[in-house]
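K.L.:
Line by line, the protein sequences are chains A and B.
Everything in the first sequence is counted per this note's numbering, starting at 89 for the first residue and increasing by one.
Everything in the second sequence is counted per this note's numbering, starting at 89 for the first residue and increasing by one.
2 protein chains.
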Amino acid sequence: MQKQPTIRDVAAAAGVSVAVVSRVLNPGSGPVAEATRNRVNEVMATLGYHPRTAARELKHGPPTTLGLLLADVSNPFFARLADQVVQEAHSRGIQVLLMTTQEDDQLESERLSTLIERRVSGIIATPTGNNLEIWKKLQDMGTDVVFVDRSIPALPAVDVVTINNIESARSATALLAAHGHRRIAIISGPATSTTGRDRIAGYREALESAGLEQDDLLIRSAAFRGAAGGDAMTALLNLADPPTALVVANTAQVTAVLRRLAHAGVSIPDELSVIVFEDSPWTELMTPPLTIVRQPIDLLARHSVQLALSRASGKSSGKPTVVRVDAELIERSSVARPRVRT
Amino acid sequence: MQKQPTIRDVAAAAGVSVAVVSRVLNPGSGPVAEATRNRVNEVMATLGYHPRTAARELKHGPPTTLGLLLADVSNPFFARLADQVVQEAHSRGIQVLLMTTQEDDQLESERLSTLIERRVSGIIATPTGNNLEIWKKLQDMGTDVVFVDRSIPALPAVDVVTINNIESARSATALLAAHGHRRIAIISGPATSTTGRDRIAGYREALESAGLEQDDLLIRSAAFRGAAGGDAMTALLNLADPPTALVVANTAQVTAVLRRLAHAGVSIPDELSVIVFEDSPWTELMTPPLTIVRQPIDLLARHSVQLALSRASGKSSGKPTVVRVDAELIERSSVARPRVRT
DNA sequence: AAACATAATGGAACCGGTTCCACTTTTATG
DNA sequence: CATAAAAGTGGAACCGGTTCCATTATGTTT
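#1: Kindly indicate the opening and closing residues of the alpha helix (DSSP H) around phenylalanine 312 of chain B.
#2: Of all the options A:Leu305, A:Asp414, A:Glu145, which has the alpha carbon lying nearest to the alpha carbon of alanine 328 of chain A?
#3: Does the Cβ-Cβ distance between serine 392 of chain B and valine 249 of chain B come in under 7 Å?
#4: Against methionine 187 of chain A, what residues of chain B qualify as contacts under a CB-to-CB distance less than 8 Å, listed in chain order?
#5: So, using beta-carbon positions, are serine 422 of chain A and proline 369 of chain A closer together than 7 Å?
#6: Would you mind working out which of A:Phe312, A:Val342, A:Gln341, A:Leu349 sits nearest leucine 325 of chain A, comparing C-alpha positions?
#7: Shortest alpha-carbon distance to glutamate 359 of chain A belongs to which of A:Ala424, A:Ala415, A:Leu387?
#8: Return the bridge partner residues of threonine 379 of chain B from the DSSP annotation.
#9: Extract the residue ranges of the beta strand (DSSP E) inside the segment 275 to 346 of chain A, only unbroken runs of 3 or more that lie entirely within it.
#10: Could you tell me whether the segment 207 to 226 of chain A touches the segment 371 to 380 of chain A, using the rule of 3 or more Cβ pairs below 8 Å?
#11: Could you name the residues of the same chain whose beta carbon sits closer than 8 Å to that of valine 131 of chain A, not counting the 5 residues immediately before and after it, in chain order?
#12: Can you grab the Cα-Cα spacing for the pair valine 233 of chain A / glycine 210 of chain A, in whole Å?
#13: Is the segment 175 to 192 of chain B close to the segment 142 to 157 of chain B, with three or more CB pairs under 8 Å?
#14: Kindly say whether aspartate 247 of chain A, judged by its beta-carbon, lies nearer than 7 Å to any beta-carbon of chain B.
#15: Can you list, in chain order, the residues of its chain with a C-beta nearer than 7 Å to that of glycine 118 of chain A? Leave out the 5 residues immediately preceding and following it.
#16: If the cut-off is 8 Å on Cβ atoms, which residues from the segment 136 to 150 of chain B count as contacting chain A, listed in chain order?
#17: With DSSP collapsed to three states, give me the class of threonine 231 of chain A.
#18: Please report whether the beta-carbon of arginine 206 of chain A lies at a distance below 7 Å from any beta-carbon of chain B.
#19: Nearest to leucine 395 of chain B by CA position, among B:Ile385, B:Asp386, B:Val411, is which residue?
#20: Of all the CB atoms in chain B, is at least one closer than 7 Å to the CB of tryptophan 223 of chain A?
#21: Between the Cα of alanine 242 of chain B and the Cα atoms of B:Met321, B:Ile272, B:Thr280, which residue gives the shortest distance?
#22: Find out if the Cβ-Cβ distance for the pair valine 345 of chain B, methionine 321 of chain B is shorter than 7 Å.
#23: Around the C-beta of histidine 178 of chain B, are 16 or more other C-beta atoms found within 10 angstroms, so that it is buried, or is it exposed?
#24: Closest Cβ-Cβ distance between leucine 305 of chain B and chain A: below 7 Å?
#25: So with Cβ pairs under 7 Å, would you call threonine 280 of chain B a contact of chain A?
#26: Can a CB atom of chain A be found closer than 7 Å to the CB of leucine 387 of chain B?
#27: Leaving aside the five residues before and after valine 336 of chain B along the sequence, list all residues of the same chain whose C-beta is less than 6 Å from its C-beta, in chain order.
#28: Report the three-state DSSP secondary structure of leucine 226 of chain B (helix, strand or coil).
#29: Can you give me the Cβ contacts of phenylalanine 165 of chain A inside the same chain, cut-off strictly under 6 Å, excluding the 5 residues immediately before and after it?
#30: Let me know if valine 428 of chain A comes out buried or exposed under the rule of 16 or more other beta-carbons within 10 Å of its beta-carbon.
#31: Residues in the same chain with beta-carbon distance under 6 Å from proline 384 of chain B, minus the five sequence neighbours each way, listed in chain order, please.
#32: Output yes if chain B places a C-beta closer than 7 Å to the C-beta of serine 392 of chain A; else output no.
#33: Closest Cβ-Cβ distance between leucine 157 of chain B and chain A: below 7 Å?
#34: Can you find a C-beta in chain B that's less than 7 Å from the C-beta of leucine 324 of chain A?
#35: What does valine 161 of chain A touch in chain B if you count any residue whose Cβ is under 8 Å from its own?
#36: Just to confirm, are proline 331 of chain B and arginine 270 of chain B a CB contact at a threshold of 7 Å?
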């Protein structure tokens, strides 16, 4: 366990002042003679010197770290988002501090405190919906906050990147209606979330356009965590007049819903047509391959990182930006015409 | 955009010295009168003061950050590992810097440089297998390095946490042999990886125990990224004497292999019995539900974090620790007796 | 009440970089 | 060749905390 050389060690070994070494470290911050630069670089190499980030950040905290605050990385949607965000950030020389909230206000608040103490330059988050004051404070401090996937209506000043949830749910529902379904159900996220609300709104729009009757019994909300999706599914199956088609618009609950269907022995698409919000590779491997709504995760990531770094890069546009990217409906084989009732 | 208060602002507002404020910030570092403590706390609250981590770390870099260096978080195995590591770290008040290598030496080297500059207290990584000197240097610096899932034999001094790969592949292969299969294939990770080698070793052991002939044509390695698994599958199907059973021991290639099987119209388990290393929920939703080797990701995460923090917590045991956890073979319906050749 | 231990506080150095500014040495210009 | 401008370098303050040590206030002991 050797102790690390500092900039002064390098300066001494190279026979120059620390100011010169610093200039070598930060090209463009001042002139250094070619010969001197080479000598200093050599010394740094032989000494195995690495400038310490903590010390550098002390002076004028540079935008070198982003906070990524997600509900949960075991959810494939968030996992892929994290993957893309990290890659995008790395390509710009930015590091990512990953934190999870488990959808818990209290944990979110603690994570945010940590991010404040670290003085990160930006935060990309899927907010739980509370902790309003903390979010505001973050912005006051000059941190670039970007909400991704969801937003908080009470905080209109925050940049947001989401998929077009209304349109996604609308087109999925419309596809089912076009196949002749009249009893179409939806399992969505909690109504407290913008995501949940928007998707249900899109669903309603589609029903209206198709001239179908709306039945609130066919609309089910399920929490983003736990097995609530399975219970919602069971409730739908037990209805006096059960649905012939279903949109699973809560990504986190897709597997729970499908598991329940499998256990109940419901055959897809003969007894129930299904469209899910989820584009993992396995949806294609199911029997039958599932019709899905593919979320352009790479775009979400790219825009999020860009916005989270915008103020840092000087582009301090006054108004908050809202980016809405389109999801893609991919038809496979889990949708068919409804069976005629006997 | 207000500028943040510093410890001196707090001290001035509370009418005390910075030393006192620091003591309030770090309980146990010195005596502070009850009344003073309360006053300082109040001032901090009204000023919205948050101590800056970068400054704190300058003095004696405390073990407050861990580096997590994975190949790729879009792989569900790594995603869940990341999730567990983050939760485990948070429960100890430690933050996680997430980085990905895409299995690329060069990128790995860059990421490691960043981690060196940040002076993280520990690193949990799935190494590519190169960059030996950097890993050594990291250890010299006193960083706790833990390899998870894989290891580098040339670096025997590093702590390692893996599943028992030999035994996992052995038991999976043995199960197939017990069902009467004589032509059992395996698709594993690259032979350059310890994971790939060990699993193939376990496979060979099982064949030997069962008194089965070994055929190197039935052993296929596929890279951890890309679609190599699909090609390996095709090659196996095109064999003059194709296998009747298959172990997919490369988690990253499971979906590619299954996709190829689906496209080729191979029915499971009638024409081919299959066991996969992968325990995502969807494996149960397939038709038929897949027999899997479940990797105890939570244990991997827990042990990794613990080891990565061990030196920091004073437990500087001399010898490197190797933790080997057992995977669990879960029998479902993708394994059957081989069809009699006609 | 004297003597001494202990609690509470403040001053100042320090951590490892960055940066301003002054000073010396080259190089360019008239 | 004198002189101005530019290049190269070093000294020292500074960023925002922590910590050592000296000093003063309070409390205990005989």
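Quick reminder that beta carbons are idealized off the backbone N, C-alpha and C, glycines included.
Since this is a predicted model, take the numbers as computed values, not measurements.
P.N.:
Judging by the given coordinates:
#1: Note, phenylalanine 312 of chain B: premise wrong, no alpha helix (DSSP H); not H, not E.
#2: Nearest of A:Leu305, A:Asp414, A:Glu145 to alanine 328 of chain A, Cα basis: A:Leu305.
#3: Pairing serine 392 of chain B with valine 249 of chain B gives a Cβ-Cβ distance under 7 Å.
#4: Below the 8 Å Cβ cutoff, chain B contributes Val174, His178, Gln183, Val184 as neighbours of methionine 187 of chain A, in chain order.
#5: No, Cβ-Cβ distance for serine 422 of chain A and proline 369 of chain A is not below 7 Å.
#6: Nearest C-alpha to leucine 325 of chain A: A:Leu349.
#7: Cα-wise, what sits closest to glutamate 359 of chain A is A:Ala424.
#8: As a beta-bridge residue in DSSP terms, threonine 379 of chain B pairs with B:Ile363.
#9: With a minimum length of 3 residues, the continuous beta strand (DSSP E) runs that stay inside the segment 275 to 346 of chain A are 307 to 309, 333 to 336.
#10: Cβ pair count under 8 Å is below three, so no.
#11: When the five nearest sequence neighbours on each side are left out, the beta carbons in the same chain lying within less than 8 Å of the beta carbon of valine 131 of chain A are those of Val98, Ala101, Ala102, Tyr137, in order along the chain.
#12: Near 6 Å, if we compare the C-alpha coordinates of glycine 210 of chain A and valine 233 of chain A.
#13: With a cut-off of 8 Å, the segment 142 to 157 of chain B and the segment 175 to 192 of chain B count as touching, because enough Cβ pairs lie within range.
#14: No, its Cβ sits nowhere closer than 7 Å to a Cβ of chain B.
#15: Counting only Cβ-Cβ distances below 7 Å, and skipping sequence neighbours, we find Arg111.
#16: Of all residues in the segment 136 to 150 of chain B, Gly136, His138, Pro139, Arg140, Thr141, Ala142, Ala143, Glu145, Leu146, Gly149 have a Cβ within less than 8 Å of some Cβ in chain A.
#17: DSSP places threonine 231 of chain A in coil when its eight states are reduced to three.
#18: Look at arginine 206 of chain A: its C-beta is under 7 Å from a C-beta on chain B.
#19: For the options B:Ile385, B:Asp386, B:Val411, the alpha carbon positioned closest to that of leucine 395 of chain B is the one of B:Val411.
#20: No, tryptophan 223 of chain A does not count as interfacial toward chain B.
#21: Comparing Cα-Cα distances from alanine 242 of chain B to each of B:Met321, B:Ile272, B:Thr280, the minimum goes to B:Thr280.
#22: With a cutoff of 7 Å on beta-carbon distance, valine 345 of chain B and methionine 321 of chain B are scored as near each other.
#23: When all chains shown are included, histidine 178 of chain B counts as buried.
#24: By this cut-off, leucine 305 of chain B is not an interface position.
#25: Taking CB atoms only, threonine 280 of chain B has no neighbour in chain A less than 7 Å away.
#26: Leucine 387 of chain B has a beta carbon lying at 7 Å or more from every beta carbon in chain A.
#27: Setting aside the 5 residues that flank it on each side, valine 336 of chain B is surrounded in the same chain by Ile275, Val342, Val345, Val364, each with a C-beta closer than 6 Å to its C-beta; the list follows chain order.
#28: Of the three classes helix, strand and coil, the one that applies to leucine 226 of chain B here is helix, per DSSP.
#29: Take phenylalanine 165 of chain A, set aside five residues on each side of it, and the residues of its chain with a beta-carbon closer than 6 Å to its own are Thr339, in chain order.
#30: Answer is exposed; the Cβ neighbour count stays below 16.
#31: Result list for proline 384 of chain B: Val413, in chain order.
#32: Using beta-carbon distances, serine 392 of chain A does not count as an interface residue toward chain B, since no partner is under 7 Å.
#33: Closer than 7 Å: no.
#34: It does not: the Cβ of leucine 324 of chain A has no partner Cβ on chain B nearer than 7 Å.
#35: For a Cβ distance threshold of 8 Å, residue set Val161, Ala167, Arg168, Ala170, Asp171, Val174 of chain B lies close to valine 161 of chain A, ordered along the chain.
#36: No, these two residues do not count as a Cβ contact at 7 Å.
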